[in-house]
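The structure appears right after this line, and notes come after that.
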Amino acid sequence: MDARREAAGEVAPFSPEEEAAWRALARAVLVIPRVLDSDLVQSEGLTLTDYAVLMNLSEAPERSLRMSELANYVVISVSGLTRVVERLERAGLVERVRSSADRRGQLACLTPAGLKCLKKAWSTHLDSVRRHVMDHLQGVDLVALTDALAAIAQAEVGPPVRRRAR
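Just so we're aligned, residue 1 is where the sequence shown starts under full-length UniProt numbering, counting upward by one.
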């Protein structure tokens with residue numbers, strides 16, 4: 001960037017390669033969740049968010065997480081997660097219980113029916129991710145891609161749930 005532009009606070013434009021990479025990434029970030037969600041809804045009756053909730057609970061100790069922690073993992077607000085968990089609870093896939101460590105906190109817990117549903121949906125999700133994502137990454141350095149995407153998610157985005165100062 002030249003000194004005049006820098007002094008004026010202007011930002012250097014993207015190189016053609018940067019522009020192409022940014023546009024492709026931005027489009028993929030919008031398209032991928034839509035197609036994965038569509039496949040899950042059509043085949044299993046679950047949204048991608050439902051699947052993410054069930055999957056994160058299945059990997060947690062005792063298959064339960066605090067609602068705020070689960071919201072961070074699923075990358076939605078606590079109020080958004082509450083609506084998802086209420087729907088999953090009505091379907092018998094998740095239950096909410098008071099935390100024994102902190103009576104004010106609530107835990108979302110995966111039920112046996114939820115685990116069974118997740119296991120059934122897993123193959124649909126795996127096939128969908130393979131068709132819509134992995135098959136397009138042949139020849140790509142997956143370690144470098146993983147590192148770059150993880151750096152973006154960790155450093156730039158930050159946690160999705162912000163607690164109010166008391």
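Backbone N, C-alpha and C define an ideal beta-carbon position, used for all residues, glycine too.
Assignment of beta strand (DSSP E) within the UniProt domain "HTH marR-type" (18 to 154), counting only whole runs of 3 or more residues, yields 64 to 66, 94 to 98, 106 to 110 in chain order. In this structure, the CA atom of residue 55 is about 33 Å from the CA atom of residue 20. In this structure, residue 53 lies near residue 84, with their beta-carbon atoms less than 7 Å apart. The distance from the Cβ of residue 93 to that of residue 114 is about 4 Å, consistent with a contact at the 8 Å cut-off.
Residue 33 is a Cβ neighbour of residue 48, given a cutoff of 7 Å. Classified as exposed, residue 134 has fewer than 16 neighbouring CB atoms from the shown chains inside 10 Å of its CB. Contact between the segment 130 to 149 and the segment 99 to 119 is absent: fewer than three C-beta pairs spanning the two stretches fall below 8 Å. Here the segment 121 to 128 makes no contact with the segment 62 to 72; the two share fewer than three CB pairs at distances below 8 Å.
Taking C-beta atoms as the reference points, residue 110 and residue 57 count as a pair closer than 7 Å.
In this structure, the straight-line span from the alpha carbon of residue 104 to that of residue 98 is close to 7 Å. One alpha carbon belongs to residue 122, the other to residue 60, and they sit about 17 Å apart.
Pairing residue 77 with residue 50, the inter-Cα distance amounts to about 14 Å. Taken through DSSP and simplified to helix, strand or coil, residue 16 comes out as helix. Annotation for residue 27: no residue places its beta carbon closer than 6 Å to its own, counting only its chain and skipping 5 residues before and after. Annotation for residue 101: no residue places its beta carbon closer than 6 Å to its own, counting only its chain and skipping 5 residues before and after.
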